Every structure is written in C-alpha cells, then in structure tokens.
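Mapped onto UniProt numbering, the consecutive letters of the sequence shown carry residue numbers 1 to 147.
Built from N, CA and C at the ideal position, the CB exists for glycine as well.
A quick note: this is a predicted structure, and the numbers were derived from the prediction, not measured.
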Amino acid sequence: MSESINATAVLLFSELLTADQLLRNRLNKVLPNKMEISHFSVLNHLARSADERTPAQLARAFHLTRGAMTNTLTRLETSGYVHIRPDWEDARRKLVAISPAGLAARDAAVAAITPMIADLVSDLGDARVKAVLPVLRELRLKLESDP
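In structure tokens:
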C-alpha cells in the first residue's frame, strides 16, 4: 500500500475513535436514570424486534462475549427492564424480552438523546450527514464481515 493510503487510513480511524469517545461522553451525560450506553443499546435492540432473543443471539448481535452480555442482562433484569425466562423447548437456553418498564426506559432515553443528536446533525448539515452515511455503513459492514 502507498504511504498516502496508509496516512488516510490512520487519519480515518483516528477521527472515528475520537468521535466515538466524544459521542459516548455526551450520551452518558444525557441518558436518564444513570442508564449506560450498553443498557440502552440492548433495550433499543429488543424494542425494535418483536421476538424474544437468547443471550447468545444478543451477544453475537453486539459482538460481545456471552459473559459480557450476561452481565448487562443481569443489570437490566435487576432494574426490571427485561424479563428472562427459560426456553420451554430447550431447558439449556434462556429467552430475553423487554418489559413494559424497559420499553418506557428506552423511550425516555430516546427522548433524552434525540435533541443532542438532532443538534449535531443540524450543525453539520443534513445533506452532508446523508452523504457520509453510505461510506460509514459500508465500513461497518466490512468490519462485521472480516475477522
């Protein structure tokens, strides 16, 4: 690879990592009830899907270990945000569903973060953000498919 491509790659990932850290800091400040980003992400995922998920399916969806997902699910269950039940067809598995309280918490989180995200998009310009989305989506898909 040429030096120019290497320099571009380093700049791209430096910007992505810095933006990720700054966005996480802002999200942590506006999420309600001391909710963590990982909690919101799981609640959002469950709210968008009508079906129950196994902890293993959730771990794969978030590219986490089963242990890390179990920790997050335990915290969400303790808060009353998810219901975890045995799989009646396979006793070795559990199934996870969002509870009404979890749906309300997710909705409150969306309401809390939407103004901040909308302001960022407005400041950058809607057309510019839409123009970069295909590149970011392609990058995400490439990262998901490659080991």
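The three-state secondary structure of residue 119, taken from DSSP, is helix. Assigned with DSSP and collapsed to three states, residue 73 falls in helix. The beta carbon of residue 32 lies closer than 8 angstroms to those of 105, 108, 109, 112 in the same chain, with the five residues before and after it left out.
The C-beta distance from residue 62 to residue 79 rounds to 18 angstroms, too long to fall under 8 angstroms, and the pair is not in contact.
Of 103, 44, 117, 13, the smallest CA-CA separation from residue 23 is found for 117.
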